[in-house]
């Protein structure tokens, strides 16, 4: 038993080292990983390091240009933009993480059932996903938020629900491919339950495309949250959120363009980071690529 456990650990370490070597060959993937890492660290520790209160107003500093005291200047209420960007990173990460978790749990469950059982079960689940995909993602999320009301919790639920079909389809495809393997047939032959086979043998071997989809989806979720915030249906002021900050700054593009520039730049960099890292991860996890 000890030797088996040791060999399994060695195989896992060896597999991870192969993935890292493949990933490290891509400069864009490393850049993406750096941006994502910096973003996550900022979201976790940034609020303790922000130089100013993100919601404290000082009308004497309205539209104050970037300076040594206020690195990104101040907005229409004299609030420090740099501090609001930092605090906004935490809000954005909370939205991304929770929305993706909701989509992952529901999407993986539906996709695994459809792919494993097939037949009528698969037909019902996939037609439901097709109906959801028939609506543009932003429009579906907007409709859900409009029904539930604009706040952080409802925003997370709306984005999570509209993200379900993508995970369901990816999971279904991976499960259909994996369930044809001999070890799944052997598990059925010895009488293991369907739930046990799915959770012990099928899903663990279908994780690669799901991990890639999760990484890429983080970028889409951020854009959707920012879009809803820009339309006034996302996180409500005075909570600092990048899309909401852009919405408030759009009227001052000519007089104080820096008010919109910095939150827009933050959104662009983080979305690029997740996309770069996701693309690199897709290549690194591709079993068809030779070492």
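In my numbering, the protein residues as written are 14 to 304. Beta carbons are placed, not taken as given, at the ideal position from N, Cα and C, and that holds for glycine.
In terms of DSSP beta bridges, what is residue i paired with?
i, result
"residue 93", "87"
What whole-angstrom Cβ distance do residue i and residue j have, given they're in contact under 8 angstroms?
i, j, result
"residue 123", "residue 138", "5 angstroms"
"residue 271", "residue 223", "With a Cβ gap of about 40 angstroms, residue 271 and residue 223 do not count as contacting."
"residue 221", "residue 141", "Contact flag wrong, Cβ pair sits at about 25 angstroms."
"residue 232", "residue 275", "That belief does not hold up - the Cβ atoms of residue 232 and residue 275 are roughly 19 angstroms apart, past 8 angstroms."
"residue 234", "residue 172", "5 angstroms"
"residue 188", "residue 125", "5 angstroms"
"residue 242", "residue 257", "4 angstroms"
"residue 255", "residue 101", "5 angstroms"
"residue 283", "residue 52", "5 angstroms"
Indicate the three-state DSSP secondary structure (helix, strand or coil) for residue i in the structure shown.
i, result
"residue 193", "coil"
"residue 248", "coil"
"residue 67", "coil"
"residue 128", "helix"
"residue 39", "coil"
"residue 259", "helix"
"residue 253", "coil"
"residue 47", "helix"
"residue 274", "helix"
"residue 82", "coil"
"residue 17", "At residue 17, the pLDDT of 44 sits below 50, so the modelled position is not reliable; the number obtained from the coordinates is stated separately. It is helical."
"residue 288", "helix"
"residue 203", "coil"
"residue 293", "helix"
"residue 268", "coil"
"residue 162", "coil"
"residue 171", "helix"
"residue 298", "coil"
"residue 75", "coil"
"residue 176", "coil"
"residue 232", "helix"
How about residue i and residue j: are their beta carbons less than 9 angstroms apart?
i, j, result
"residue 237", "residue 104", "no"
"residue 129", "residue 157", "no"
"residue 49", "residue 208", "no"
"residue 227", "residue 113", "yes"
"residue 163", "residue 249", "yes"
"residue 145", "residue 152", "no"
"residue 99", "residue 67", "yes"
"residue 177", "residue 115", "yes"
"residue 293", "residue 36", "yes"
"residue 219", "residue 210", "no"
"residue 64", "residue 95", "yes"
"residue 8", "residue 86", "Outside the modelled stretch of the chain, which goes from 14 to 304, sits residue 8, for which no answer is possible."
"residue 106", "residue 69", "no"
Does the stretch 122 to 136 touch the stretch 67 to 81, meaning 3 or more C-beta pairs lie closer than 8 angstroms?
The stretch 67 to 81 vs the stretch 122 to 136: no contact.
Please confirm if the stretch 208 to 225 is in contact with the stretch 155 to 170, defined as three or more CB-CB distances below 8 angstroms between the two stretches.
Segments in contact, no.
Are the stretch 202 to 210 and the stretch 247 to 265 touching by the rule of at least three beta carbon pairs closer than 8 angstroms?
Touching, no.
If we count Cβ pairs, one from each stretch, closer than 8 angstroms, do we get three or more for the stretch 87 to 104 versus the stretch 32 to 44?
The stretch 32 to 44 and the stretch 87 to 104 do not touch, with fewer than three beta-carbon pairs separated by less than 8 angstroms.
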